[in-house]
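Reading through the structure tokens given below for one structure.
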Amino acid sequence: MLVPTFSPTMQRAVAFLLASFLSPFIAAATHRQHYGGFPEHVFDPLNQNAPADQSPLRPPPPRVPDVFDIFVGISAFRDGVRCGYSLFTAFANADHPNRVFVGVVDQTNAGDAACLDEYCKLAAAHWPDDEAEGGTCKFKDHVRIDARAATASRGPVVARHEQQQLIQDEEFCLQIDAHSKFLDHWDTELVRDWSRAQNEMAVLTTYPLPFEYMGPGETIPIQKASFLCDYIPRATPRDVPVIRGWSLIEYAETPQMSALWGGCLSFSKCHAETRVPVDKHMTWVFWGEEYLRSHQLWTQGYDLYAPSRHGSVVFHNWSTDAAKKSFAENQDNTAVHATERESSYNRLRMMLKLPFEGPVDATEVEIYNAPSVRTTDQFLAFSGISQTNVSADHHNCHHQLHWVPYAVPEIVEQFLPGWHMRPPSNYGLRNVPESDDPESDDKRQDDDDEHPHNNNASTVKILALLESMHHQMQTQKSQLGDYYLVLGGIFVVSGLVAFRTIYGRPTHRRLENVATV
């Protein structure tokens, strides 16, 4: 039978039409970023853990114990009422509240509401029978408080360093802002979504969406999730990159790889917090501190992902209180404050290898800029930032990022026993050099004969045979398969066009980025 053939151009055109029309219906395979009424990009999260060069290397697979606990870290600045509510929803809406532990750096002034006091008011009303258990504040013993004077605050980075000191031996760590709300089953769903990233070194991070983006009945969003991908344009190479805000990503069924870390939500194994300490010497730093944290985590082997809609279980109160003062007003001497701030920002620039002038604080830089598994230059390229030409900066809102293999994998391999980025040579993935000793070569050949799975040559032959068989099968099927693929594609697209014509296409509106608070 004669089978018509189609040019590669026609096949690609039909494939594009199929992807455009079918992506909402096969959401597990694609993510869509919408601006206006037409998608500007379709992501490919199912292949994001594969390096761009298509090498077989992959990140370490996730290790999730049957029973796990979660540490929730909060740094609150004169925000006791909303902080207490955040704690209450964390315990009240968890599947396993007895496995949830909270650490709060509570920065207050005289007369301010304290986070724990506000939580206990809500807990007493919600669990009134808890008096039988010895108190009226259920789970109070799960809350660790580091109370500090707000007047002594030197910025969020210093507070987050102190927050890390409240971690004990929990398996997972979550950082949120003090004005957040948890949905039902959040603990189970966050771990499940983290596992979807298929990476032990995954960090789920973003700016959570506002309360109004919750699904019906305070459930997960039906369609949208938050994604960090863009910067405020820089004027000079010395300007520190600042995240523009969150963008919407649609049909997000899988965490989406990102280059950016957001301080409003960060969820990972706790080894990310203990192995990569927050730099306590970044006094007065606010703008740009998230890019530095992105750099620290990524160069130490961690990979950043925006949660899928299934992991969108924490929402953010983006409203502001005009009367609330900022840590930036805590300056005893304006000149001293300016010098300290400049020195801290130059420290940040130094770590990022950006140009700077003036004083720099290099105290303990070896601790907070430790030997890395990936380089700073790699991170700048990965995140789209140029050290010399700001016109070369670019965002990653329309670009699928791919996992970057470790330049020094031994650092990660040492604390993840049993995992190797490159499988041992006796599995046939490394060439074993021949020795100069014939007896040694004969012995290795005998070993290979006795243990065929150690034989590089056998492995190569098997792979070649499989490839040949696959090629023959594909050759026999290619024309017939292409014919039916294209014919079926035209039929499906025609049906979808008719369906959308009758029932109408879903509409999408642009959401302007919201600046971080």
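Residues -28 to -1, 1 to 489 (mature numbering (1 follows the signal peptide of the UniProt record, and there is no 0)) are what the sequence shown spells out, left to right. Don't be surprised by glycine CBs; every beta carbon is placed ideally from N, CA and C. As the structure is a computational prediction, the values presented were derived from the model and not from experiment.
CB of residue i within 7 Å of CB of residue j, strictly
| i | j | result |
| --- | --- | --- |
| L237 | T292 | no |
| Q79 | A122 | yes |
| V285 | W166 | no |
| R281 | I192 | yes |
| P28 | W375 | no |
| T226 | P17 | yes |
| N21 | P33 | no |
| A150 | V77 | no |
| N65 | D156 | yes |
| D41 | A174 | no |
| L146 | F15 | no |
| C242 | I139 | yes |
| P279 | L176 | yes |
| L162 | G283 | yes |
| V129 | V337 | no |
Sequence-distant residues of its chain with Cβ nearer than 6 Å to residue i (five each side left out)
| i | result |
| --- | --- |
| P327 | P209, R210 |
| S152 | S58, V286, H288 |
Distance between residue j and residue i (C-alpha atoms, nearest Å)
| i | j | result |
| --- | --- | --- |
| V44 | V74 | 5 Å |
| R247 | H309 | 30 Å |
| E329 | M322 | 10 Å |
| Y203 | R120 | 33 Å |
| E172 | P343 | 20 Å |
| F351 | H267 | 7 Å |
| W259 | V212 | 8 Å |
| D349 | L320 | 15 Å |
| P180 | E312 | 31 Å |
| Q386 | H98 | 46 Å |
| T271 | E261 | 15 Å |
| F354 | Q372 | 11 Å |
| Q136 | E142 | 12 Å |
| M186 | P69 | 22 Å |
Proximal residues to residue i (C-beta, below 7 Å), its chain only, five neighbours per side dropped
| i | result |
| --- | --- |
| L94 | G56, Y57, F60 |
| H367 | C201, D202, Y203, G356 |
| A96 | T108, C109 |
| Q359 | P209, K325, L326, L352 |
| R206 | P213, V362, D365 |
| H114 | V72, F73, V74 |
| E134 | V77, D118 |
| A62 | V44, V72, V74, F154 |
| N318 | F328, G330, P331, V332 |
| R35 | E172 |
Interface flag, residue i vs chain C, CB-CB below 7 Å
| i | result |
| --- | --- |
| H309 | The displayed structure is made up of one protein chain only, and chain C is not part of it. |
8 Å Cβ shell around residue i - same chain, five flanking residues per side excluded
| i | result |
| --- | --- |
| P381 | V345, H392, M393, R394 |
| D409 | Per-residue confidence for D409 stands at a pLDDT of 45, beneath the threshold of 50, marking its modelled position as unreliable; the derived number appears in the next sentence. Taken in chain order, the list of residues that qualify is empty. |
| F144 | F40, D41, I42, F43, L162, V163, W166, F239, S240, K241, C242 |
| G235 | P128, R132, Q147, D149, E261, E262, R265, T488 |
>> Under 8 Å, with one C-beta from each stretch per pair, do the region 75 to 88 and the region 42 to 59 reach the 3-pair mark?
In response: Result yes; three or more Cβ-Cβ pairs closer than 8 Å.
> Taking one C-beta from the region 247 to 257 and one from the region 360 to 378 each time, how about it: are there three or more such pairs within less than 8 Å?
Replying inline: The region 247 to 257 vs the region 360 to 378: no contact.
>> My parser needs the beta strand (DSSP E) runs of 3 or more residues fully inside the region 228 to 274; what are they?
In response: The beta strand (DSSP E) runs of length 3 or more contained entirely in the region 228 to 274 are, from start to end of the chain, 228 to 230, 237 to 241.
> What are the uninterrupted segments assigned as alpha helix (DSSP H) that are 4 or more residues long and contained completely in the region 111 to 162, given in chain order?
Replying inline: The qualifying runs are 128 to 136.
>> Please give the ranges of any alpha helix (DSSP H) in the region 365 to 391, keeping only runs that are unbroken, at least 4 residues long and fully inside the region.
In response: 382 to 387, all fully within the region 365 to 391.
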